[in-house]
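Report on the structure given below.
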Amino acid sequence: MDVFEAIERRYSVRSYKPDPVEDEKLSRVLEAARQAPTANNQQPFRILVVHTRGREEELQRVYGRRWLTQAPLLIGFVALPGEAWRRMDGKPYGEVDAAIAMDHLVLAATALGLGTCWIAAFDPAAAREVFGLPEEAELVALTPLGYPGRGPAATSRRPLEELVRRERW
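Per this note's numbering, the very first residue in the sequence shown carries number 940; after that it's consecutive.
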């Protein structure tokens, strides 16, 4: 599957089969994330791989949807602002870099027949506790990783003309 097909086929999966993700596929999607571009090649993120089996109740504290733990794996992208490149106004780009890496993983997963779903509406305090995150780390987003339990629902996208500005706003 080429990148354009992966982009078109990707959808937010909210139902997963209990089938395990093969180690080779997990390695491939993690490598795709590692290859993501980052500002000044700082790579100010870490990837948290969590097996959900036996941790369902604990993980529900982070994000209370049951489908979160249907997937065998949960992947978290964690920014390290202290390691991030900063633009001229001082804004650190760690969260942006972590999001780019997560999108690489999401598209690679789609190409391999795996499902994902961007989750940013989690409880940050619960996530810090459950995942043992150090103070200097910031969880940016989570995604379940597994085989989809059902196909995509119909969605729509705004037309390009509504989204694209040329030369100036």
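All C-beta atoms in this analysis are idealised placements derived from N, C-alpha and C, irrespective of residue type, glycine included.
Proximity of A978 and V1017 at Cβ, strictly below 8 Å: no
Would you list, in sequence order, the uninterrupted beta strand (DSSP E) runs of no fewer than 3 residues that lie entirely inside the stretch 958 to 990? Taken in chain order, the whole beta strand (DSSP E) runs of length 3 or more contained in the stretch 958 to 990 are 984 to 990.
Helix, strand or coil at L1053 [DSSP, three-state]: coil
Is the beta carbon of G1088 less than 8 Å from the beta carbon of K964? no
Suppose the cutoff is 6 Å on Cβ atoms and the five residues either side in sequence are ignored; what does the same chain contact list for L1012 look like? V960, L1084
With DSSP collapsed to three states, give me the class of R1107. coil
From D1042 to G1029, what distance separates their C-alpha atoms? In this model, D1042 and G1029 are separated by some 25 Å (Cα to Cα).
Quick one: is A1064 buried, meaning 16 or more other Cβ sit within 10 Å of its Cβ, or exposed? exposed
Measure the C-alpha to C-alpha separation of A1047 and R953 and round it to an integer number of angstroms. Answer to the nearest angstrom: the Cα atoms are 18 Å apart.
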